[in-house]
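Here is the structure we will look at.
Numbering (mature numbering (1 follows the signal peptide of the UniProt record, and there is no 0)), first residue to last: -19 to -1, 1 to 144.
Dropping the structure here:
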């Protein structure tokens, strides 16, 4: 009695394991955050007015983001510009702009735990879960989109360091 041969496909599968998510706050993660920004109508449309235009004449706003627990990981930056009537992320990666102008630009930092469990931006700032430098009144006027951004920070896939 002859035995049936095993299917060849099982032995030569070309399926690959999914790539690991980039490290939280890495340049690759910042690039993915930039892409996620551009896929968010809340951010691209609701920030396309005075918010994105308040850029000090340089043509883009800078958002510097860091994790205060990750002392050896440098901050990352996003650059947001008005493109085609939308507030588009045009850059996500390592620091390019070293001198921020807090009349226009933003710097945000929190602990790993707080980034991953961020709720309302108003409450996060009030309780010190989110540290922030930048045009505070402008941020207050854009609390809805700001909340959507904070949600993206925790939702963009990342390998997060253990506590």
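We put the CB at the ideal spot given by N, CA and C, even for glycine.
DSSP-derived helix/strand/coil call for residue i
i           : result
residue 2   : coil
residue 79  : coil
residue 99  : coil
residue 84  : coil
residue 136 : helix
residue 151 : What is shown of the chain runs -19 to 144, which leaves residue 151 out entirely.
residue 29  : coil
residue 34  : helix
residue 180 : A query on residue 180 cannot be resolved here, the shown segment of the chain reaching from -19 to 144 and no further.
Expected contact under 8 Å - CB spacing of residue i and residue j to nearest Å
i           : j          : result
residue 140 : residue 5  : 6 Å
residue 87  : residue 44 : 5 Å
residue 60  : residue 19 : Actually they do not touch by this definition, with Cβ atoms about 12 Å apart.
residue 62  : residue 40 : 6 Å
residue 71  : residue 57 : Not a contact, Cβ separation roughly 14 Å.
residue 25  : residue 67 : 4 Å
residue 129 : residue 21 : 6 Å
Residue i, buried or exposed, once every other Cβ within 10 Å from all chains shown has been counted against 16
i           : result
residue 36  : buried
residue 142 : exposed
residue 42  : buried
residue 17  : buried
residue 136 : exposed
residue 84  : exposed
residue 1   : exposed
residue 7   : buried
residue 126 : buried
residue 115 : buried
residue 38  : exposed
Identified DSSP bridge partners for residue i
i          : result
residue 47 : 90
residue 62 : 69
residue 74 : 58
Handout entry: Sufficient close CB pairs (3 or more, under 8 Å) joining the stretch 119 to 136 to the stretch 71 to 81
Key = no
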